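Before any comments, here is the structure.
Numbering (my numbering), first residue to last: 5 to 158.
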């Protein structure tokens, strides 16, 4: 029996760009909705001369709030939900290690630490170019963390 199991090879079915972008769109809409609450509770309220109010995160506490919430939001969800964020679950994809094993918080944290490279410059063009030019469809964060995004069964 062990001989049969030792010959099993993991062959992932990589998630399409369309699924990955759709899942990202859902996730970032949810993140920004959560960010509104962060601004409300930790920000300062300003009011213009017409009586319109807004909430701002200013200075170092605001910057730290943005960075910490970004770096915790996705890794916490992915590490407790089998490599899936809410968007990934809706599009039936998930993040796994290159060998097919489950990701943990540290792996997800490292992967999302590089979101700044993949997404922010030029609205994700960097990540899209990198993912389009390698066999495993990995963006910079995936390459560094040694992860892949694959179709899931659930």
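Ideal placement from N, C-alpha and C gives every residue a C-beta, glycine not left out. All of these numbers come straight from a predicted model, not from anything done at the bench.
Taking the beta carbon of residue i as the centre, do at least 16 other beta carbons fall within 10 Å, making it buried, or is it exposed?
{"i": "residue 78", "result": "buried"}
{"i": "residue 133", "result": "exposed"}
{"i": "residue 115", "result": "buried"}
Would residue i and residue j be called neighbours here (beta carbons separated by less than 7 Å)?
{"i": "residue 3", "j": "residue 150", "result": "Given a span of 5 to 158 for the chain in the structure shown, any question on residue 3 remains unanswerable."}
{"i": "residue 42", "j": "residue 66", "result": "no"}
{"i": "residue 28", "j": "residue 97", "result": "no"}
{"i": "residue 16", "j": "residue 148", "result": "no"}
{"i": "residue 50", "j": "residue 58", "result": "yes"}
Residue i to residue j, Cα distance in whole Å?
{"i": "residue 131", "j": "residue 123", "result": "6 Å"}
{"i": "residue 73", "j": "residue 138", "result": "30 Å"}
{"i": "residue 107", "j": "residue 18", "result": "16 Å"}
{"i": "residue 46", "j": "residue 40", "result": "10 Å"}
{"i": "residue 55", "j": "residue 152", "result": "49 Å"}
{"i": "residue 90", "j": "residue 33", "result": "11 Å"}
Using 8 Å for Cβ pairs, my map puts residue i next to residue j. What's the rounded Cβ distance?
{"i": "residue 87", "j": "residue 100", "result": "5 Å"}
- Task: Please determine if the region 118-128 and the region 142-154 are in contact, where contact requires at least 3 C-beta pairs separated by less than 8 Å.
- Result: yes
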